[in-house]
Amino acid sequence: MPSANRAPFSKVAEKNARGPLIALTDIRKSYFNGDLETPVLHGVNVTIKHGEFVAIMGQSGSGKSTLMNILGCLDTPTKGSYILNGREVEKLSDNELAQVRNETIGFVFQGFNLLKRMPLVDNVALPLLYAGVSMAEARKRAALKLAQTGLGDFLKRLPNQISGGQQQRVAISRALVCEPALILADEPTGNLDTTTSVEIMNLFTRLNEEQGMSILIVTHEPDVAKYAKRLVRLKDGYVTYDGPVADAHL
Amino acid sequence: MNFWQVCLEAFRAMSMNRLRAGLTMLGIIIGVGAVVLMLAIGESVREDINRRIDTMGSNVMVILPGSSTSNGVRAGRGAAQTLTLSDSAALAQLPVFSNVAPIVQQPFQVANGANNWNATVYGVGPEYFEIKDWTTDKGSLFGDVEMRSVSRVAVVGSTVAANLFGESDPIGQTIRIRSRPFEIIGVLATKGSDLGGGDQDDAIFIPLSTARQQLIRSWTPGSIQYILAQAASAEQVQEAVYDSTELLRTRHRIREEQEDDFTVRDLASIAEAAQGIATALTLLLGAIGSISLLVGGIGIMNIMLVSVTERTREIGIRMALGAKRRDVLLQFLTEAIVICVCGGAIGVLLAYLGSVAISKLSPMEVGISTSGIIIAFSFSALIGIFFGFYPARRAAGLKPVEALRYE
Chain A
7 MPSANRAPFS
17 KVAEKNARGP
27 LIALTDIRKS
37 YFNGDLETPV
47 LHGVNVTIKH
57 GEFVAIMGQS
67 GSGKSTLMNI
77 LGCLDTPTKG
87 SYILNGREVE
97 KLSDNELAQV
107 RNETIGFVFQ
117 GFNLLKRMPL
127 VDNVALPLLY
137 AGVSMAEARK
147 RAALKLAQTG
157 LGDFLKRLPN
167 QISGGQQQRV
177 AISRALVCEP
187 ALILADEPTG
197 NLDTTTSVEI
207 MNLFTRLNEE
217 QGMSILIVTH
227 EPDVAKYAKR
237 LVRLKDGYVT
247 YDGPVADAHL
Chain B
7 MNFWQVCLEA
17 FRAMSMNRLR
27 AGLTMLGIII
37 GVGAVVLMLA
47 IGESVREDIN
57 RRIDTMGSNV
67 MVILPGSSTS
77 NGVRAGRGAA
87 QTLTLSDSAA
97 LAQLPVFSNV
107 APIVQQPFQV
117 ANGANNWNAT
127 VYGVGPEYFE
137 IKDWTTDKGS
147 LFGDVEMRSV
157 SRVAVVGSTV
167 AANLFGESDP
177 IGQTIRIRSR
187 PFEIIGVLAT
197 KGSDLGGGDQ
207 DDAIFIPLST
217 ARQQLIRSWT
227 PGSIQYILAQ
237 AASAEQVQEA
247 VYDSTELLRT
257 RHRIREEQED
267 DFTVRDLASI
277 AEAAQGIATA
287 LTLLLGAIGS
297 ISLLVGGIGI
307 MNIMLVSVTE
317 RTREIGIRMA
327 LGAKRRDVLL
337 QFLTEAIVIC
347 VCGGAIGVLL
357 AYLGSVAISK
367 LSPMEVGIST
377 SGIIIAFSFS
387 ALIGIFFGFY
397 PARRAAGLKP
407 VEALRYE
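Quick mapping for you: the protein sequence lines, in order, are chains A and B.
If you're matching positions, the first sequence starts at 7 in this note's numbering and goes up one per residue.
If you're matching positions, the second sequence starts at 7 in this note's numbering and goes up one per residue.
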């Protein structure tokens with residue numbers, strides 16, 4: 007490990023002493039169409055510690071999107087237990103789930119999902135507003151985060167006035183603004199060209215290595231998965247591989 | 007999110023689609039404008055009627071002689087001259103009456119030099135003016151002194167004054183009624199038309215004694231044409247009708263099975279009927295306005311439903327970022343309320359301009375009342391809440407996963 011990692015590393019170790027970031031036990035999910043049951047996940051068991059950089063890989067239809075929705079507290083499993091940062095997710099109410107999404111998870115989507123009519127600074131400030139921070143304070147912190155990702159000059163611009171790579175950096179700033187325990191990225195480079203993809207993936211790597219940020223990327227691209235430290239491969243709703251990226255044959 | 011942030015979001019959403027927001031608002035503008043203006047018109051009609059009723063005097067009843075029957079032929083009401091000064095004096099003794107005024111009247115040609123005019127001449131006592139609550143614009147009324155001295159003095163209405171004297175001051179001038187000179191001592195304040203449309207200012211008032219002795223002779227001694235009587239209070243009007251009927255029946259020696267030879271007519275009931283019509287008119291106009299407001303509200307609901315569908319993905323993003331159902335609900339509800347309140351404000355403004363225009367272009371004085379504005383304003387906010395709630399609840403009820411996937 008390079009020396010720059012030591013400070014965050016000690017913090018991460020401290021957190022891990024209290025328990026893992028994510029503990030999935032026998033997670034099952036089925037979709038129902040009338041009486042017809044279509045199982046998508048057949049009992050997934052995965053434990054992820056604080057400070058890990060994990061890629062979840064799989065073809066379309068492998069259940070990775072469903073798993074990602076469950077991990078993001080956007081959907082609930084049919085069966086099984088999910089403990090996120092010490093909280094039993096299946097016991098939470100709608101409001102508590104919203105709070106968990108707000109405080110614990112930072113989402114990065116394939117299509118960026120910025121709000122079109124809002125200036126970038128307000129886009130980044132939005133999660134803070136939902137956390138109850140005042141408008142002025144939220145904008146101040148949002149501007150700071152944007153400056154850290156090199157977008158300090160674009161605060162007042164609208165999302166359609168900047169490039170795709172820049173939009174994804176805004177989305178990452180937005181994911182980071184509430185200081186979450188986990189960044190959950192769903193195909194973050196899916197809409198970007200190769201050069202920009204490399205930039206974005208390097209940004210994730212830096213976040214993980216320099217700040218000890220836990221990052222979970224869902225992707226079907228081996229080139230993207232390579233940046234992670236650990237790989238979880240899904241096929242037809244089963245985990246077929248869980249180990250270091252280096253040992254997986256990508 | 008606090009109130010101002012939610013409002014800012016609402017304005018932002020509206021500015022995204024200005025034409026649509028404007029058209030939706032137009033429904034509310036027309037609705038609120040119609041309610042405020044219609045209520046104002048209804049109210050001004052009511053005030054107009056009340057003003058006319060006030061000139062009749064309050065708690066007033068009129069006692070008319072009945073029909074006469076001679077050889078089996080029944081003449082019309084008032085044909086008989088059955089009411090007398092002593093009837094009037096007896097009525098005045100009843101405690102339920104505060105004032106009783108015997109009256110004779112007849113139209114005459116009146117002249118001021120070469121200028122002449124036809125007007126009704128009323129012979130009345132000073133009680134008459136008290137009952138009607140009439141005052142003079144210029145000069146004074148006559149009193150008991152003029153009654154006793156059988157003076158040839160006259161108090162004229164403003165129409166008569168204008169027709170006989172034009173711009174010049176009639177006070178102290180002399181008019182001739184059937185060649186007899188009468189000195190004008192007062193000009194009454196203008197009262198306008200009565201409920202029947204007759205001009206109340208086209209009249210000349212002279213002392214009853216003078217009228218009976220010198221102008222309006224009658225072959226029945228002491229007879230008068232009708233009596234105006236005022237009950238001491240509104241509660242005593244019914245009692246006064248009953249008591250006066252009993253008294254006159256006794257005085258006229260009418261047997262149990264015989265019809266009255268007089269009629270007691272309670273003017274308060276006429277006033278009540280007129281006020282009832284005015285209230286009904288106000289309600290009707292208000293209802294018409296309310297219907298257009300309702301239609302505007304449905305327009306809001308329609309647009310909000312479209313907006314929720316269009317922005318499903320946005321709702322999903324917001325939920326992923328930590329928006330609670332309550333936040334989403336408030337956001338859409340606020341949008342509906344902002345449209346309604348802005349529309350309401352513009353509607354009130356338009357109604358105000360409309361009232362100014364009506365007041366200028368027609369004889370009616372239409373004033374927008376503060377209560378009307380407050381009612382319309384809170385009503386439009388309520389419309390926003392009522393019609394915005396269902397779309398907002400629909401937005402808040404979306405599942406985060408499905409909303410986020412929506413294309």
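Just so you know, even glycine gets a beta-carbon here, dropped at the ideal spot from N, CA and C.
All values derive from a computational prediction rather than experimental measurement.
Check: Alpha-carbon to alpha-carbon, B:V193 and B:A167; Outcome: 7 Å
Check: Interface flag, B:S21 vs chain A, CB-CB below 9 Å; Outcome: yes
Check: Contacting residues, own chain, Cβ-Cβ under 7 Å from B:L234 (five flanking each side not counted); Outcome: V66, V68, A107, I109, Y134 and I137
Check: C-beta neighbour in chain A for B:G328, strict 9 Å; Outcome: yes
Check: Test item: CB-CB of A:D81 and A:K35 under 9 Å; Outcome: yes
Check: Three-way DSSP call (helix, strand, coil) for B:Q111 in this model; Outcome: strand
Check: Test: B:I323 CB closer than 9 Å to a CB of chain A; Outcome: yes
Check: Straight-line gap, B:Q111 to B:A240 (C-alpha atoms, nearest Å); Outcome: 28 Å
Check: B:G28, enclosing alpha helix (DSSP H) - first and last residue; Outcome: R24 to M62
Check: is_contact[B:P397, chain A] using C-beta, thresh 9 Å; Outcome: no
Check: For B:Q244, the three-state DSSP class (helix, strand or coil); Outcome: helix
Check: Closer than 8 Å at the beta carbon, the chain A residues around B:R18; Outcome: R123 and M124
Check: 7 Å Cβ shell around B:G228 - same chain, five flanking residues per side excluded; Outcome: T90, L91 and S92
Check: Cross-chain neighbours of A:M219 in chain B, by beta carbon under 7 Å; Outcome: Correct list: empty, because the minimum Cβ distance to chain B is about 18 Å.
Check: Check whether B:A387 and B:I343 have beta carbons under 9 Å apart; Outcome: yes
Check: C-beta neighbour in chain B for A:K32, strict 9 Å; Outcome: Inspection of the sequence shows that residue 32 of chain A is occupied by Asp rather than by Lys. Chain B contact via Cβ: absent.
Check: B:K366 at chain A interface by Cβ criterion, 9 Å; Outcome: no
Check: Distance between B:L355 and B:I36 (C-alpha atoms, nearest Å); Outcome: 11 Å
Check: Top-ranked residue by Cα proximity to A:L77, from A:V18, A:T195, A:V52 and A:A252; Outcome: A:V52
Check: Selected residue, minimal CA-CA separation from B:L70, among B:S375, B:S250 and B:A286; Outcome: B:S250
Check: Cβ neighbour criterion (16 or more within 10 Å) applied to B:T30; Outcome: buried
Check: Residues within the segment 130 to 143 of chain A neighbouring chain B, beta-carbon criterion of under 7 Å; Outcome: L132, P133, L135, Y136, A137 and M141
Check: Within-9 Å CB hit, B:N8 to chain A; Outcome: yes
Check: Residues that A:K55 bridges to, as DSSP identifies them; Outcome: For A:K55, which the question treats as bridged, DSSP gives no partner whatsoever.
Check: Residue range of the unbroken beta strand (DSSP E) whose run includes A:K151; Outcome: Here A:K151 belongs to no beta strand (DSSP E); instead the alpha helix (DSSP H) covers M141 to Q154.
Check: Interface partners of B:V407 on chain A, CB under 7 Å; Outcome: N75, L80 and D81
Check: Rounded C-alpha distance that separates A:D159 from A:V130; Outcome: 14 Å
Check: Contact list for B:Q11 against chain A, beta-carbon separation under 8 Å; Outcome: L135 and M141
Check: Chain-ordered neighbours of A:F113 on chain B, where CB pairs are closer than 8 Å; Outcome: A326 and L327
Check: CB of A:K55 within 9 Å of CB of A:V224, strictly; Outcome: no
Check: Beta-carbon proximity list for A:G196, same chain, < 7 Å, skipping 5 on both sides; Outcome: Q116
Check: Cutoff 6 Å; reference B:T141; Cβ partners in own chain excluding five residues on either side; Outcome: A195
Check: Cross-chain neighbours of A:R175 in chain B, by beta carbon under 8 Å; Outcome: Those within 8 Å of A:R175 in chain B number zero; the least Cβ separation is about 17 Å.
Check: Whole-angstrom distance between A:P194 and A:T72, CA atom to CA atom; Outcome: 16 Å
Check: Any chain B beta carbon closer than 9 Å to A:I108; Outcome: The sequence given here has Asn at residue 108 of chain A, not Ile. Interface residue, yes.
Check: Which residues DSSP lists as bridging A:H226, in chain order; Outcome: DSSP lists no partner for A:H226.
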